[in-house]
């Protein structure tokens with residue numbers, strides 16, 4: 010059974026940084042796309058950033074220049090380095106992994122940006 014284990018969320022002041030991690034465990038093969046989505050209260054889930062196994066990136070305009078997605082293929086782990094955080098970045102962040110045309114989702118981790 011595949012599980013995505015997320016860590017790194019929390020409360021941070023505007024302008025601060027956080028790093029999210031997500032490790033895919035279990036019988037997972039041929040991982041292709043890994044990345045992050047987020048959902049703020051009252052809003053739809055939206056893409057934050059994804060990275061393919063070839064290193065191709067897809068990054069939302071709202072976080073370009075502030076957030077960096079990366080991955081460790083040997084560990085089936087994806088990271089999201091978030092810098093210069095803003096209050097509008099407050100949301101539940103979900104890890105997503107696609108392997109053999111199947112999408113897996115993490116349980117979500119809360120990120121709150123507030124003074």
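Numbering (this note's numbering), first residue to last: 10 to 124. Backbone N, C-alpha and C define an ideal beta-carbon position, used for all residues, glycine too.
(1) In angstroms, rounded to a whole number, what distance separates the CA positions of residue 93 and residue 52?
(2) If you follow the beta strand (DSSP E) that residue 65 is in, where does it begin and where does it stop?
(3) Terminal residues of the continuous beta strand (DSSP E) containing residue 15?
(4) Can you grab the Cα-Cα spacing for the pair residue 49 / residue 32, in whole Å?
(5) Can you check which of these residues, 63, 105 and 123, is closest to residue 88 by C-alpha distance?
(6) Under a CB-based cut-off of 8 angstroms, is residue 87 close to chain B?
(7) Looking at C-beta atoms only, is the number of pairs between the stretch 14–32 and the stretch 100–116 that lie closer than 8 angstroms three or more?
(8) Below 6 angstroms CB to CB, which residues in the same chain sit around residue 79 once its five sequence neighbours on both sides are set aside?
(9) Just to confirm the assignment, what range does the beta strand (DSSP E) spanning residue 119 have?
(10) According to DSSP, is residue 71 helix, strand or coil?
(11) State the start and end residues of the unbroken beta strand (DSSP E) segment that holds residue 55.
Short version:
(1) Reading the chain shown from its first residue, position 84 is the one you call residue 93. Reading the chain shown from its first residue, position 43 is the one you call residue 52. Cα-Cα distance, rounded: 22 angstroms.
(2) Locating residue 65 in the chain shown gives position 56, where the first residue counts as 1. Looking at the DSSP string, residue 65 is not in any beta strand (DSSP E), and its letter there is neither H nor E.
(3) What you label residue 15 is simply residue 6 of the chain shown in a count that begins at 1. Taken as a continuous stretch (DSSP letters only), the beta strand (DSSP E) holding residue 15 covers 12–16.
(4) The residue labelled residue 49 in the question sits at position 40 within the chain shown. The residue labelled residue 32 in the question sits at position 23 within the chain shown. If you take the alpha carbons of residue 49 and residue 32, they lie about 23 angstroms apart.
(5) Along the chain shown, read from residue 1 onward, the residue named residue 88 stands at position 79. Selected option, being the one with the closest Cα: 105.
(6) Absent from the structure is chain B; it holds one protein chain and no more.
(7) Taking 8 angstroms as the limit for Cβ pairs, the verdict is that the stretch 100–116 does touch the stretch 14–32.
(8) Residue numbering aside, residue 79 sits at position 70 when the chain shown is read from its first letter. Excluding five sequence positions before and after residue 79, the CB atoms of its chain that fall closer than 6 angstroms to its own CB belong to 88, given in chain order.
(9) Translated into the one-based positions of the chain shown, residue 119 becomes position 110. Residues 118–122.
(10) By 1-based counting over the chain shown, the position of residue 71 is 62. Under the three-state reduction of DSSP, residue 71 is assigned to helix.
(11) Taking the first residue of the chain shown as position 1, residue 55 is located at position 46. Looking at the DSSP string, the run of the beta strand (DSSP E) that includes residue 55 is 55–60.
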